[in-house]
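Visitor:
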Ligand code: UDP
Ligand code: MG
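In my numbering, the protein residues as written are -11 to 131.
(1) Pick out whichever of 107, 35, 94 has its Cα sitting closest to the Cα of residue -5.
(2) Does the beta-carbon of residue 41 have 16 or more other beta-carbons within 10 angstroms, so that it is buried, or is it exposed?
(3) Using 10 angstroms around the beta-carbon of residue 73, count the other beta-carbons present and answer buried if the total reaches 16, otherwise exposed.
(4) By Cβ distance, which residues of its chain are closer than 8 angstroms to residue 31, with the 5 residues on each side in sequence left out?
(5) Thinking C-beta only, is residue 79 closer than 8 angstroms to residue 19?
(6) Given a threshold of 16 other Cβ atoms within 10 Å of its Cβ, counted over all protein chains shown, does residue -11 qualify as buried or as exposed?
(7) Decide if residue -7 is buried, meaning its Cβ has at least 16 other Cβ atoms within 10 Å, or exposed.
(8) Could you check whether the Cβ of residue 107 sits closer than 7 angstroms to any heavy atom belonging to the ligand MG?
(9) Helix, strand or coil for residue 26, going by three-state DSSP, please let me know.
(10) Quick check on the DSSP output: the beta strand (DSSP E) that includes residue 8 runs from which residue to which?
(11) Measuring only the C-alpha atoms, how far is residue 77 from residue 34?
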């Protein structure tokens, strides 16, 4: 079922006390919260999560950023979740993000951009499984 995505409220937004407002925006856009937790990523876990970006110029800074404080991974459910959530957050660079999007409202720049969103159904499942397991994961992906 292509109706799940992984959101992360990143350390900048948590530190800026924007988590509440962001969760409200996500909920009001019709997403159901299936699982959520507060976690401070280790270097190893951040590197694993962003493995796809290893070797890129921004990789080391991205790992420093993502391990700089607690973040809030959230498993979301909605019809067309991946695409609709990426529309809600806006472009990676807030300067290019549409008005009213989460990144337009809360991101500082292309690096400190407040939130993560999965980019495909396949990656959504991988990323959700990165943070949630056991009974919690079974409730997100039953059967
Ligand atoms: N990032 C960065 N510089 C860049 C591109 C990306 O610091 O030039 C960071 C940014 O925090 C971004 C994350 O790396 O959200 C992952 O990049 P990706 O291209 O996957 O963007 P996203 O899928 O988050 O929009
Ligand atoms: Mg991405």
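Beta carbons are placed, not taken as given, at the ideal position from N, Cα and C, and that holds for glycine.
These numbers come from a predicted model, not from an experiment.
Guide: Answer, in terms of the structure:
(1) 107
(2) exposed
(3) buried
(4) 51, 55
(5) no
(6) exposed
(7) buried
(8) yes
(9) It is coil, neither helix nor strand.
(10) Where residue 8 is concerned, there is no enclosing beta strand (DSSP E), although the alpha helix (DSSP H) it sits in stretches over 7 to 16.
(11) Each residue's Cα considered, the two are about 21 angstroms apart.
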